[in-house]
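K.L.:
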Amino acid sequence: MAVPKKYRDSIAEASDNQLVATIDLHSPCLLIYTLDEWEVIERKLMSMPNVDPQARLYQRLLLGHATEMEIDSQGRVLLPALLREHAKLDKPAILLGQGNKFELWSQEAWDANRPEMLDTVATTDVSEALASLSL
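Going left to right, the sequence shown walks through residues 393 to 527 as the numbering used here numbers them.
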């Protein structure tokens, strides 16, 4: 996968070209973090109680699939087959900036899920926090 040029400098500055990808537990996509952001998530996951079965499941899936990747000199990263299979990645793909992370979707999955996401937003009452955004 080629990382868009506009993000490369900030990724290089934040984490020396190191990224971590893992699966999204609720959507057929991958979550991609800079290494420094991932370390925050990893600490939170590891601080969860191991006696909680749901916490263990999240730890197992998110940490177990987490893969460190390095952006090469041409701005590319190699995504492992297991992660590509989870997101059903084939060309083309969609990379969505999400503040502290990216989501990587197959074009097909994005096109299939986007209408449902838009319908959900249109028919769901907005929380007070979201209402304060004044979009």
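Cβ atoms here follow ideal geometry from the backbone N, Cα and C, with glycine treated the same way.
#1: Just curious, the beta strand (DSSP E) that residue 487 is in, first and last residue?
#2: Does the segment 470-481 come close enough to the segment 418-429 that 3 or more CB-CB pairs lie under 8 angstroms?
#3: Going by the DSSP bridge assignment, what does residue 540 pair with across the sheet?
#4: Which stretch, first to last residue, makes up the beta strand (DSSP E) that contains residue 516?
#5: Which partner residues of residue 461 appear in the DSSP bridge assignment?
#6: How is residue 479 classed by DSSP in three states: helix, strand or coil?
#7: Among the residues of its own chain, which have a CB less than 6 angstroms from the CB of residue 471, if the five just before and after it don't count?
#8: Of all the options 465, 427, 458, which has the alpha carbon lying nearest to the alpha carbon of residue 476?
#9: Can you give me the C-alpha to C-alpha distance between residue 511 and residue 488, rounded to a whole angstrom?
#10: So what does residue 506 bridge to, in DSSP terms?
#11: If you follow the alpha helix (DSSP H) that residue 466 is part of, which residue opens it and which one closes it?
#12: Taking all protein chains shown into account, do 16 or more other C-beta atoms lie within 10 angstroms of the C-beta of residue 397, making it buried, or fewer, making it exposed?
#13: Rounded C-beta distance between residue 407 and residue 437? I'm assuming under 8 angstroms.
P.N.:
The short version:
#1: 485-489
#2: yes
#3: Outside the displayed span of the chain (393 to 527) sits residue 540, for which this structure offers no information.
#4: No beta strand (DSSP E) contains residue 516, which DSSP labels as neither H nor E.
#5: In the DSSP output, where bridge partners are listed per residue, residue 461 has 411.
#6: coil
#7: 393
#8: Restricting attention to 465, 427, 458, the CA atom closest to the CA of residue 476 is found in 458.
#9: Going from the Cα of residue 511 to the Cα of residue 488 covers about 19 angstroms.
#10: Beta-bridge pairing links residue 506 to no other residue.
#11: No alpha helix (DSSP H) contains residue 466, which DSSP labels as neither H nor E.
#12: exposed
#13: Contact doesn't hold; Cβ gap of about 18 angstroms is too wide.
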